[in-house]
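The listed protein sequences correspond, in order, to chains A and B. So the first sequence is numbered by this note's numbering: it starts at 8 and just counts up by one. So the second sequence is numbered by this note's numbering: it starts at 8 and just counts up by one. Every residue, glycine too, gets a C-beta built ideally from N, C-alpha and C. Single-structure report; data block below.
2 protein chains.
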Amino acid sequence: MRFEELKRGMKASISKRITAEQVDAFAQLSTDYNPLHINEEVAQKSVFHHRVAHGMLVASLFSAVLGTRLPGEGSIYLGQDLRFVAPVFLNDTITAEVEVIELREDKRIVKLATTAINQDGKSVITGTATILVR
Amino acid sequence: MRFEELKRGMKASISKRITAEQVDAFAQLSTDYNPLHINEEVAQKSVFHHRVAHGMLVASLFSAVLGTRLPGEGSIYLGQDLRFVAPVFLNDTITAEVEVIELREDKRIVKLATTAINQDGKSVITGTATILVR
Numbered sequence: 008m009r010f011e012e013l014k015r016g017m018k019a020s021i022s023k024r025i026t027a028e029q030v031d032a033f034a035q036l037s038t039d040y041n042p043l044h045i046n047e048e049v050a051q052k053s054v055f056h057h058r059v060a061h062g063m064l065v066a067s068l069f070s071a072v073l074g075t076r077l078p079g080e081g082s083i084y085l086g087q088d089l090r091f092v093a094p095v096f097l098n099d100t101i102t103a104e105v106e107v108i109e110l111r112e113d114k115r116i117v118k119l120a121t122t123a124i125n126q127d128g129k130s131v132i133t134g135t136a137t138i139l140v141r
Numbered sequence: 008m009r010f011e012e013l014k015r016g017m018k019a020s021i022s023k024r025i026t027a028e029q030v031d032a033f034a035q036l037s038t039d040y041n042p043l044h045i046n047e048e049v050a051q052k053s054v055f056h057h058r059v060a061h062g063m064l065v066a067s068l069f070s071a072v073l074g075t076r077l078p079g080e081g082s083i084y085l086g087q088d089l090r091f092v093a094p095v096f097l098n099d100t101i102t103a104e105v106e107v108i109e110l111r112e113d114k115r116i117v118k119l120a121t122t123a124i125n126q127d128g129k130s131v132i133t134g135t136a137t138i139l140v141r
């Protein structure tokens, strides 16, 4: 989308079920083999009681929405702030939503609120993204 | 590592070569099929002139260092701020380093500077992570 087409309040989202296979693949790709993510036995003894998805795997859905939908092609990712506010468990369905909250015309920079919720409507990640639109 | 063992100034890092295969795998996992990342022909016409790795793929190395080395096991990821300050190209070797910069004893929360540099010593991502250590 061109910068001139962006308006405050515009939203886009994608939903995805987070599976054990995806968590295992992300562990391999990131080399984050923290047992909380990949070992159910260890995770059961943790505060979460079950394996949890990597926060960055879930946050990567923001990258997908920003890079392919809003603003979409031409987006250059300048920054992302993330607060991991609740755990994401295997087979949770996560909806990652972005909303335009600020436009800086002079620099063609757009700031978006980024929020991920689970199938129960509970926020799991909050934050903001900063995107340059060429 | 236990919270009591952490000291300001402690550092840990991992290095990884970012390959086309990893970028393709991350595109599939995140559903971020932005052509800048996966299509060399489109990327050549962009400001970057070549395919660039997803920022979140590179940032996932911080998750690996934090979750497996410093603070390591017992880490609960509360937050991560990221500034994508320079592009990462295919076959770049990235070193992701974390350094303890703040300890809040009462809450068992540690703040770490997170910096990724490429093989030329150029910063590609800067930011901070916030971790609860149980």
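Identity of the residues DSSP links to residue i by a beta bridge
| i | result |
| --- | --- |
| K23 of chain B | B:I101 |
| Q35 of chain B | In DSSP, Q35 of chain B forms no bridge with anything. |
| S128 of chain A | In the sequence as presented, Ser is not what sits at residue 128 of chain A; that position holds Gly. Looking at the DSSP assignment, G128 of chain A forms no beta bridge with any residue, so it has no partner. |
| A123 of chain A | A:A103, A:I132 |
| D89 of chain B | Per the sequence shown, residue 89 of chain B should be read as Leu rather than Asp. DSSP output for L89 of chain B lists A:Q87, B:G134 as bridge partner(s). |
| K18 of chain A | A:E106 |
| V145 of chain B | As displayed, chain B neither begins before 8 nor continues past 141, which places residue 145 of chain B out of reach and without an answer. |
| R141 of chain A | Answer is none; R141 of chain A lacks a bridge partner. |
| V59 of chain B | B:F96 |
Cβ-Cβ separation, residue j to residue i (assumed contact under 8 Å), whole Å
| i | j | result |
| --- | --- | --- |
| T135 of chain A | T121 of chain A | 6 Å |
| I101 of chain B | V131 of chain B | 7 Å |
| N98 of chain B | I25 of chain B | 7 Å |
| S67 of chain A | G74 of chain A | Not really, about 10 Å apart at Cβ, beyond 8 Å. |
| P42 of chain B | A50 of chain B | 7 Å |
| F69 of chain B | A103 of chain B | 5 Å |
Residue range of the unbroken alpha helix (DSSP H) whose run includes residue i
| i | result |
| --- | --- |
| E47 of chain B | 47-51 |
| F96 of chain A | Per DSSP, F96 of chain A belongs to no alpha helix (DSSP H) and is neither H nor E. |
| F10 of chain B | It is not in any alpha helix (DSSP H) - F10 of chain B carries neither H nor E in the DSSP assignment. |
| G62 of chain A | 62-75 |
Cβ-based contacts, 9 Å cut-off: residues of the segment 62-82 of chain B near chain A: Identification of residues in the segment 62-82 of chain B having a C-beta nearer than 9 Å to some C-beta of chain A yields G62, M63, L64, A66, S67, L68, F69, S70, A71, V72, L73, G74, T75, G79, E80, G81, S82, given in sequence order.
Against chain A: residues of the segment 9-37 of chain B by CB proximity under 8 Å: Under the 8 Å Cβ criterion, the segment 9-37 of chain B contributes I21, K23, Q29, A32, F33, L36, S37.
Cβ-based contacts, 8 Å cut-off: residues of the segment 80-106 of chain B near chain A: Within the segment 80-106 of chain B, the qualifying residues are E80, S82, I83, Y84, L85, G86, Q87, D88, L89, R90, F91.
Residues, ordered as in the chain, of the segment 104-138 of chain A that lie near chain B by beta-carbon distance below 9 Å: Look at the segment 104-138 of chain A: the residues with a C-beta under 9 Å from a C-beta of chain B are G134, T137.
Residues within the segment 36-54 of chain A neighbouring chain B, beta-carbon criterion of under 9 Å: For the segment 36-54 of chain A, which is checked against every Cβ of chain B, the residues closer than 9 Å are L36, S37, T38, D39, Y40, N41, P42, L43, H44, V49, S53, V54.
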